[in-house]
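Asker:
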Amino acid sequence: MRKADEWGEARVVAIHDVAADIREFQLSPQGGAAAYPSGAHLRVRVQLADGRWELRHYSLIGAAPRDGAWRIAVKRESPGRGGSRWMHALNVGATLDVAAPASHFELSPACSSVLLIAGGIGVTPLVGMAERLVARGAAVRMIQAARGRDGLAYGDELAALLGDGYRASIDDEGARIDFAAAFAALPADGECYVCGPAGMMAAARDAWHGVGRAADLLRFETFGGTGGAARAFTVRLPALGREVEVPADASMLDALERAGVEMLADCRRGECGLCAVDVLDCDSTIEHRDVFFSAEQHAEGKRICACVSRADGGTLSIDTYWRPAA
Ligand code: FES
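For the sequence shown, the positions run -19 to 306 when the numbering used here is used.
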């Protein structure tokens, strides 16, 4: 089995649509599709509309490879920077550069009563979790949220797997997840795994803490950069005497890195906090799209995760604490 930082080629052996704008790709890597842990993802090099190449993380579908292939699902984002459109334009037989599977969203080995909550394309890591939990005999329930019924990727599979434990929550039908009620139905030692857009994650986290649940029994993974349409803004770095323009279709982290500002980052999805910088001033509104900081910290507005959060136009002054060598 390759190590997580080893790269190789994988050939696309099958493609099919699993929901509106969501396409599944079955990938046959050189050397065979290795087993992977729960919550694992693949890193894939995709080409953007401007010709540059960039990494994307795609969760692996299911508890194990199927027919000797890894499966990933990609939502076509429009507008976007073009990576998902490039993926959707692939045909069977294309080759991709992929790193070996890695996971930072694993099921705890002991959990016996679990609630899974998915929003949109966030269902992808939870399919394999549901399969593993059923196989181990755990009590598992799942709420899958989508804007419309045509957005329920893998909904039929999950409903068949979980029976009465599965429920769809459809925005267009007026449904909203009642997180407090869902958490109240969990036993005291029950665990919850959530994957979805940042707003859903924040609502889940606030409700979890609001009902006094142990923080370490809530696990989540975002799919990053979500939160609605973005506007261009200027980021000012007084300590460096620099100003960097952040286009509407780029993250502040990407713009700063491209401008030669040294940044720390890991998840690039608003989860780990490694990219957080100090906010000195903002003449517009800060849009916090991370799940690392609490609602109180967002309200204070003293720090911001550069990978997903941004200003809604205007100018944002920050300090990264990085100083170029003299
Ligand atoms: S890199 Fe992890 S929160 Fe930004």
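Even glycine gets a Cβ: it sits at the ideal position worked out from N, Cα and C.
For Gln277, report the span of its alpha helix (DSSP H) as first-last.
Answerer: Unbroken alpha helix (DSSP H) run through Gln277: 275 to 280.
Asker: Can you give, in chain order, each stretch of the alpha helix (DSSP H) that sits fully within the segment 196 to 248 and has at least 4 residues?
Answerer: 232 to 238
Asker: Measuring alpha carbon to alpha carbon, tell me which residue in Gly240, Gly62, Thr75 is nearest Ala29.
Answerer: Nearest of Gly240, Gly62, Thr75 to Ala29, Cα basis: Gly62.
Asker: What does the alpha-carbon distance come out to for the pair Phe213 and His268?
Answerer: 14 Å
Asker: Rounding to the nearest angstrom, what Cα-Cα distance links Phe5 and Ala74 in this structure?
Answerer: 11 Å
Asker: Does Ala69 pass the burial test, meaning 16 or more other C-beta atoms within 10 Å, or should it be called exposed?
Answerer: Exposed, by the Cβ-count rule.
Asker: Count the other CB atoms within 10 Å of the CB of Tyr301; is the residue buried (16 or more) or exposed (fewer)?
Answerer: Answer is exposed; the Cβ neighbour count stays below 16.
Asker: What is the rounded straight-line gap between the Cα of Glu225 and the Cα of Gly48?
Answerer: 45 Å
Asker: For Gly240 and Cys247, what's the separation of their Cα atoms in angstroms?
Answerer: 20 Å
Asker: Counting along the chain, where does the alpha helix (DSSP H) carrying Arg(-9) start and finish?
Answerer: It is not in any alpha helix (DSSP H) - Arg(-9) instead sits in the beta strand (DSSP E) that spans -13 to -1.
Asker: Between which two residues does the beta strand (DSSP E) carrying Pro105 extend?
Answerer: Pro105 -> not in any beta strand (DSSP E); alpha helix (DSSP H) instead, spanning 104 to 115.
Asker: Using the rule of at least 16 other Cβ atoms within 10 Å of the residue's Cβ for burial, across every protein chain shown, is His21 buried or exposed?
Answerer: buried
Asker: Nearest-angstrom Cα distance between Gly281 and Arg222?
Answerer: Taking the straight line from one Cα to the other gives about 22 Å.
Asker: Just mark Glu171 as buried or exposed, buried being the case when its beta carbon has 16 or more other beta carbons within 10 Å.
Answerer: Buried is the call here.
Asker: Quick one, which of Pro45, Val24, Ile97 has its alpha-carbon nearest Trp66's?
Answerer: In this structure, Val24 is the residue among Pro45, Val24, Ile97 with its C-alpha nearest to the C-alpha of Trp66.
Asker: Ignoring anything shorter than 3 residues, give me the beta strand (DSSP E) runs that lie fully in the segment 115 to 188, in order along the chain.
Answerer: DSSP runs (the beta strand (DSSP E)) wholly in the segment 115 to 188: 119 to 126, 146 to 150, 171 to 176.
Asker: Out of curiosity, what's the CA-to-CA distance linking Asp234 and Ser64?
Answerer: 17 Å
Asker: Check whether the segment 158 to 172 and the segment 85 to 96 are in contact - that is, three or more C-beta pairs closer than 8 Å.
Answerer: yes
Asker: With DSSP as the reference, please indicate the residues paired to Tyr38 in a beta bridge.
Answerer: Leu22
Asker: Per DSSP, Arg3 forms a beta bridge with which residues?
Answerer: BP columns for Arg3 point to Asp(-3), Val54.
Asker: What does the shell around the ligand FES hold, if a residue joins when its beta-carbon is under 6 Å from any heavy atom?
Answerer: Ala245, Asp246, Cys247, Arg248, Gly250, Glu251, Cys252, Gly253, Leu254, Cys255, Asp270, Phe272, Cys285, Cys287
Asker: What residues are listed by DSSP as bridge partners for Ala44?
Answerer: Ala44 is not bridged to any residue.
Asker: Could you tell me the alpha carbon to alpha carbon distance between Val215 and Val120, rounded to whole angstroms?
Answerer: Approximately 45 Å between the Cα atoms of the pair.
Asker: For His189, which residues in the same chain have their Cβ closer than 8 Å to its Cβ, ignoring the five residues on either side in sequence?
Answerer: Ala195
Asker: Do Ala183 and Ile157 come within 9 Å of each other at the CB atom, strictly closer than that value?
Answerer: yes
Asker: According to DSSP, is Thr295 helix, strand or coil?
Answerer: In the structure shown, Thr295 adopts extended strand secondary structure according to DSSP, grouped into three states.
Asker: Since Leu244 and Leu260 are thought to touch, with beta carbons under 8 Å apart, how far apart are those beta carbons, to the nearest angstrom?
Answerer: Separation of the CB atoms of Leu244 and Leu260 is rounded to 18 Å, and the pair is thereby denied contact status at 8 Å.
Asker: From Ala139 to Ala118, what distance separates their C-alpha atoms?
Answerer: 16 Å
Asker: Is Gly31 helix, strand or coil by DSSP?
Answerer: coil
Asker: If you drop the 5 nearest sequence neighbours on each side, which residues of the same chain put their C-beta closer than 6 Å to that of Ala(-6)?
Answerer: Gln6
Asker: How big is the Cα-Cα spacing for Ala161 and Leu220?
Answerer: 49 Å
Asker: Check the DSSP bridge columns for Ser289 and list the partner residues they point to.
Answerer: Answer by DSSP bridge pairing: none, since Ser289 is not bridged.
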